[in-house]
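All remarks here apply to the structure that follows.
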Amino acid sequence: MMSYVYDLMKTPFVLALIKIVILLVVAFTVIAYITLVERRLLGFFQSRLGPNRVGPLGLIQPIADGVKLFIKEDTVPIHSNSLLFRIAPIFTFFPSLVGFGVLTFALPWITPASKMHLFALADVDLGVLLVLSLSSLGIFGLMLGGYASGSKYPYFGGLRACSQMLSYEVPLTLSIITVVMMANSFRLSDIVTAQQTHRLYFFIPLIISFVIYLICMIAETNRTPFDLPEGESEIIGFHTEYSGMRFGFYYVGEYTNVVFLSMLAPALFLGGYDIPFVNDIALWQVYPQLISILGFCSYAIKSVLFAYFYIWVRATFPRYRYDQLLKIGWLVLLPISLVNLFIVAGIKLFLLK
Amino acid sequence: MNNERPSYLREIFETKEIELNMGPQHPATHGVYRAILTLDGERIVGLNSVIGYLHRGIEKWAEYRTYKQATPIFDRLDYLSAVINCHGYVGAVEKLLGVEIPKKAEYIRVICDELQRLASHLIWLGTHALDIGAMSVLFYAIREREAVVDLLEAQLGQRLLNNAYPIGGVRFDFPKGWVEVCRKFLKVFKGKIDDYEELLTGNRIWRQRTIGVGYISREDAIAWGLSGPTLRASNVFFDVRKSIPYSAYPDFDFEIPLGQNGDVYDRYLCRIKEMRQSVRIIEQALDGMPEGELKAKVSPIIRPPVGEAYFTVEGSKGQLGFYIISDGKEKPYRVHIKSPSFINLQGLDVMSRHQLIADMVALIGSIDIVLGEVDR
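Protein sequence lines correspond, in order, to chains A and B. Throughout, this note's numbering is defined as the position within the first sequence, counted from one, plus 689. Throughout, this note's numbering is defined as the position within the second sequence, counted from one, plus 25.
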């Protein structure tokens, strides 16, 4: 019996299923707890405590929040387009969740039983493009949610969300394209490998792309100082009419995006699962498991840095105005990223021949 | 050009203005203020203010109370600066009675007034910053306000609606050790103002959100009868403490900060500078505290002679005036309140023209309205 299970585990399909389950569980846990971490950290920034009542250090708070959202009444306004209203939250949530699948979390763990990569689910060769297209899909959720609510505030929120995410997608893509050009590949693991073999993280040569990515990733996820779609003191947001778990989907979707983009950033610019100051690939050939685990930890720490950056920015800055935001997107970031793209392309063509 | 299009296209491409109801349950209207905005896209082309959701009939109510009983009612006007409201009313009754207030009482009143101004401005700073999206400033401001309110509580016995002064003076001298605590707080507080400024004044986003937004010209500001920092930001020198001196204010050396451009940023700067001046006034008052009586002799039952009196103080929002008519009985015949928030709110129409919705939020914050005072 046991050997049968063992054999089954080795089949790629079952292994992939197991990995999907593990990935989902881990991702959900991380997403749930980043809400708590954010609130606690904001508390410390703002000389207060933050939620610390539910469980030790408030550790059960996310579960309590989830339960609360689930048992709340799910209202659908009379004037709304009820079909769109019901499906819109799913559009923000699931595309970003799918994105986790293409990330590679560590160097392959070479086991005698299986030669399969344990720390990557689907390391597709157009990973970067897939990620970008998935993040564009996320716009539909906000736009449809705002439109379908049949109310003016969400309508404004949806309009803002739509134009903001569209205009920041362009510089974000252009800045990621420079990374792709440096690595010569769209595959995320190849991008990390390129940084490992050059022994140079891309944020040093591509510092402009890195800064643009940092700005755009905040704008992409609609967070302060670019949280106009939900600017709660102005237009309440595209999810004004939502309640219960449908609102929860938007809420979780936002944090999924935050977690996902903070995990994508290290892979693109900070060497991903590369351990700093160590020749990973040479060591990996000697101690594959150890380096694999350590690499995973290093990846986690780098991602946490980005997540912390999100929260830090949120505690510090006021909100931009709608027109100023678009102006920055189209008149500042887009030209800079275009020029940056040409410069990197020129260097790549003529100097790094 | 529009007319050349076929009618079905005209219907598609026609843009129309929409009406957006902002308030009374909107988080940025600071209470139950309601604005009906006519919008062209996100741009405001028309503003219709609707007030009265918090009307409690304070002026009428006061007519059914004796002069002493009426005092705490006026704390409920601008509930964020109850002490100054009380000073205004009590001052008007004293003027009616022709009572001379002891010097020491005047000094204590000035100190409490200025502390209250600090508390009120701190709430304004926090909520204004929160409206524009800087959430941390709120908590820092509330932290310092807590210290101010503690000081007021120690002196007056209440934190928020402290029926501050009796007619004729003050109730108590400062409790033991109060002056030292106050001095220590003022010393710390100066650094805290620097902190707020560091977070906001030079902040690029803050400046972009506030400079040039909600402009009101010098002439318009005067014509609309604005007062307080909202007026002074438009470069008009008018502060009741200097222009129509009352209480012990002539004894102190302080400046009236003026703005140049009359925009949201200047109103913000004016209030920040005003907080520094308030600290200066309190320090001088603590240093030069005279000895003497706490209260003038006033008969237990107050029956002012027939006549009328108008007394005005510089409230935290602007010029706060009390007009009392006495018919010689125990109760006032009429009390009229010139409330700064109500009058300043009228300027919103001029300020909000051709601004965006997001600016509307910054504007309401910069006028610093308290609906208890607008609706009375």
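The beta carbon of each residue, even a glycine, is placed where N, CA and C say it ideally should be.
Do we get a CB-CB distance below 9 Å when we pair glutamine 735 of chain A with the residues of chain B?
On the first sequence, residue 735 of chain A is found 46 positions in, with the first residue counted as 1. Chain B, which has a Cβ nearer than 9 Å to the Cβ of glutamine 735 of chain A, makes this yes.
Report the neighbours of phenylalanine 164 of chain B on chain A: residues whose CB is nearer than 8 Å to its CB, in chain order.
Numbered from its first residue, the second sequence carries residue 164 of chain B at position 139. Using a Cβ-Cβ cut-off of 8 Å, phenylalanine 164 of chain B is close to Gln735, Ser736, Arg737 of chain A, given in chain order.
Spatial neighbours of methionine 934 of chain A within its chain, please: C-beta separation below 8 Å, excluding the five flanking residues on both sides.
Residue 934 of chain A sits at position 245 when you count from the first residue of the first sequence. So the list reads Leu758, Phe759, Lys761, Asp763, once near-sequence residues are dropped.
Any beta-carbon of chain B closer than 9 Å to the one on proline 843 of chain A?
Position 154 of the first sequence, counted from the start, is the residue given in the question as residue 843 of chain A. Closer than 9 Å: no.
For glycine 937 of chain A and glutamine 974 of chain A, what's the separation of their Cα atoms in angstroms?
Within the first sequence, the letter at position 248 stands for residue 937 of chain A. Within the first sequence, the letter at position 285 stands for residue 974 of chain A. If you take the alpha carbons of glycine 937 of chain A and glutamine 974 of chain A, they lie about 45 Å apart.
For the alpha helix (DSSP H) that leucine 1023 of chain A lies in, which residues bound it at each end?
Translated into the one-based positions of the first sequence, residue 1023 of chain A becomes position 334. Where leucine 1023 of chain A is concerned, the enclosing alpha helix (DSSP H) stretches over 1023-1035.
How far does the alpha helix (DSSP H) with valine 652 of chain A in it reach, from first residue to last?
Lying before the first or after the last residue shown, residue 652 of chain A is absent from chain A, which here runs from 690 to 1042.
Pull up the distance between the alpha-carbon of proline 330 of chain B and that of lysine 120 of chain B, whole angstroms please.
As a working note, residue 330 of chain B is residue 305 in the second sequence. As a working note, residue 120 of chain B is residue 95 in the second sequence. Rounded to the nearest angstrom, the gap between the Cα atoms of proline 330 of chain B and lysine 120 of chain B is 11 Å.
Tell me which same chain residues have a C-beta within less than 8 Å of the C-beta of arginine 775 of chain A, skipping the five on either side of it?
Mapped onto the first sequence, residue 775 of chain A falls at position 86. Annotation for arginine 775 of chain A: Val765, Arg935 place their beta carbon closer than 8 Å to its own, counting only its chain and skipping 5 residues before and after.
Can the beta-carbon of leucine 105 of chain B be found closer than 9 Å to that of valine 162 of chain B?
Position 80 of the second sequence, counting from 1, holds the residue named residue 105 of chain B. Position 137 of the second sequence, counting from 1, holds the residue named residue 162 of chain B. The criterion of a C-beta distance shorter than 9 Å is not satisfied by leucine 105 of chain B and valine 162 of chain B.
Does the beta-carbon of valine 57 of chain B have 16 or more other beta-carbons within 10 angstroms, so that it is buried, or is it exposed?
Working through the second sequence from its first residue, we reach residue 57 of chain B at position 32. Here valine 57 of chain B is buried, its C-beta having at least 16 other C-beta atoms within 10 Å.
Nonlocal neighbours in the same chain, by C-beta distance under 8 Å from tryptophan 203 of chain B, ignoring five residues either side:
The residue you call residue 203 of chain B lines up with position 178 of the second sequence. Within the same chain, tryptophan 203 of chain B has close Cβ partners Leu176, Ala179, Gln180.
Proximity test, Cβ basis, 9 Å: alanine 159 of chain B and chain A
Numbered from its first residue, the second sequence carries residue 159 of chain B at position 134. Yes, contact with chain A.
Just to confirm the assignment: which complete alpha helix (DSSP H) runs, minimum length 4, are found wholly within the stretch 85-121 of chain B?
Runs of the alpha helix (DSSP H) spanning 4 or more residues and lying entirely within the stretch 85-121 of chain B occur at 92-95, in chain order.
Going straight from the alpha carbon of cysteine 986 of chain A to that of serine 878 of chain A, what length do you get?
To locate residue 986 of chain A, count along the first sequence from 1; it is residue 297. To locate residue 878 of chain A, count along the first sequence from 1; it is residue 189. If I take the Cα positions, the gap works out to 16 Å.
Looking at isoleucine 76 of chain B and lysine 396 of chain B, is the spacing between their C-beta atoms short of 9 Å?
Here the question's residue 396 of chain B lines up with position 371 in the second sequence. Here the question's residue 76 of chain B lines up with position 51 in the second sequence. With the sequence shown as reference, residue 396 of chain B is identified as leucine, and lysine is not the correct amino acid for it. Between leucine 396 of chain B and isoleucine 76 of chain B, the gap from beta carbon to beta carbon is short of 9 Å.
For glutamate 39 of chain B, name the three-state secondary structure that DSSP assigns.
For the purposes of this step, residue 39 of chain B is taken as the residue at position 14 of the second sequence. Note: glutamate 39 of chain B maps to coil in three-state DSSP.
Own chain partners of lysine 320 of chain B with C-beta closer than 6 Å, once the 5 adjacent residues on each side are dropped:
Along the second sequence, one-based indexing puts residue 320 of chain B at 295. Counting only residues of its own chain and dropping the five nearest sequence neighbours on each side, lysine 320 of chain B has a CB closer than 6 Å to the CB of Gly193, Gly194.
Local conformation of threonine 793 of chain A per DSSP, three classes
Working through the first sequence from its first residue, we reach residue 793 of chain A at position 104. Residue state, collapsed to three classes: strand.
Label valine 1033 of chain A either buried or exposed according to how many other C-beta atoms from any shown protein chain fall within 10 Å of its C-beta, with 16 as the threshold for buried.
Within the first sequence, residue 1033 of chain A is the residue found at index 344, counting from 1. Buried.
Quick one: using the 10 Å Cβ neighbour count with 16 as the cut-off for buried, is serine 268 of chain B buried or exposed?
Against the second sequence, residue 268 of chain B aligns to sequence position 243. Counting the other Cβ atoms within 10 Å of the Cβ of serine 268 of chain B gives fewer than 16, which makes it exposed.
Is the shortest distance between the beta-carbon of tyrosine 1009 of chain A and the beta-carbons of chain C less than 9 Å?
In the displayed structure, chain C is absent; the protein chains listed are A and B.
Quick one: is tryptophan 231 of chain B near chain A, going by C-beta distance under 9 Å?
By one-based count along the second sequence, residue 231 of chain B stands at place 206. True, the Cβ-Cβ gap to chain A drops below 9 Å.
Is leucine 1041 of chain A helix, strand or coil by DSSP?
The count along the first sequence starts at 1 and reaches residue 1041 of chain A at position 352. In the displayed model, leucine 1041 of chain A falls within coil according to three-state DSSP, outside both helix and strand.
Residue environment, histidine 379 of chain B, which counts as buried when at least 16 other CB atoms sit within 10 Å
In the second sequence, counting from the first residue as 1, residue 379 of chain B sits at position 354. Looking at its Cβ environment, which holds fewer than 16 other Cβ atoms inside 10 Å, histidine 379 of chain B is exposed.
Spatial distance of threonine 913 of chain A from proline 977 of chain A (CA atoms)
Here residue 913 of chain A refers to the residue found at position 224 of the first sequence. Here residue 977 of chain A refers to the residue found at position 288 of the first sequence. Their backbone Cα atoms lie some 41 Å apart in a straight line.
Report the rounded CA-to-CA distance for isoleucine 83 of chain B versus glutamine 94 of chain B, giving the unit in angstroms.
As a working note, residue 83 of chain B is residue 58 in the second sequence. As a working note, residue 94 of chain B is residue 69 in the second sequence. Distance between the alpha carbons of isoleucine 83 of chain B and glutamine 94 of chain B is about 13 Å.
Please tell me whether isoleucine 1000 of chain A and leucine 731 of chain A are closer than 9 Å, where the distance is taken between their beta carbons.
Indexing the first sequence from 1 puts residue 1000 of chain A at position 311. Indexing the first sequence from 1 puts residue 731 of chain A at position 42. Cβ atoms of isoleucine 1000 of chain A and leucine 731 of chain A: closer than 9 Å.
Complete runs of the alpha helix (DSSP H) confined to the stretch 191-239 of chain B [at least 4 residues]:
Runs of the alpha helix (DSSP H) inside the stretch 191-239 of chain B: 203-225, 229-235.
Against chain B, which members of the stretch 995-1006 of chain A pass a CB distance test of less than 8 Å?
So the close ones are Arg1003, Ala1004, Thr1005, Phe1006.
My understanding is that isoleucine 297 of chain B touches isoleucine 218 of chain B, with C-beta atoms under 8 Å, so please give their C-beta distance in whole angstroms.
To locate residue 297 of chain B, count along the second sequence from 1; it is residue 272. To locate residue 218 of chain B, count along the second sequence from 1; it is residue 193. 7 Å between Cβ atoms; contact.
If we define contact as Cβ-Cβ less than 9 Å, is leucine 79 of chain B a contact residue for chain A?
The count along the second sequence starts at 1 and reaches residue 79 of chain B at position 54. No - not a single Cβ of chain A is within 9 Å of the one on leucine 79 of chain B.
Name, going along the chain, the residues of the stretch 54-72 of chain B whose beta-carbon falls closer than 8 Å to a beta-carbon of chain A.
Listed by position, the residues of the stretch 54-72 of chain B near chain A (Cβ gap below 8 Å) are Glu67.
Measuring only between beta-carbons, confirm whether leucine 953 of chain A sits less than 9 Å from chain B.
For this step, residue 953 of chain A is matched to residue 264 along the first sequence. Contact with chain B is absent for leucine 953 of chain A, since none of that chain's Cβ atoms lies less than 9 Å from the residue's Cβ.
Helix, strand or coil: which one does DSSP assign to methionine 832 of chain A?
Here residue 832 of chain A refers to the residue found at position 143 of the first sequence. Helix, per DSSP.
Just curious, the beta strand (DSSP E) that glycine 346 of chain B is in, first and last residue?
Start at 1 with the first residue of the second sequence, and residue 346 of chain B comes out as number 321. Its beta strand (DSSP E) spans residues 344-351.
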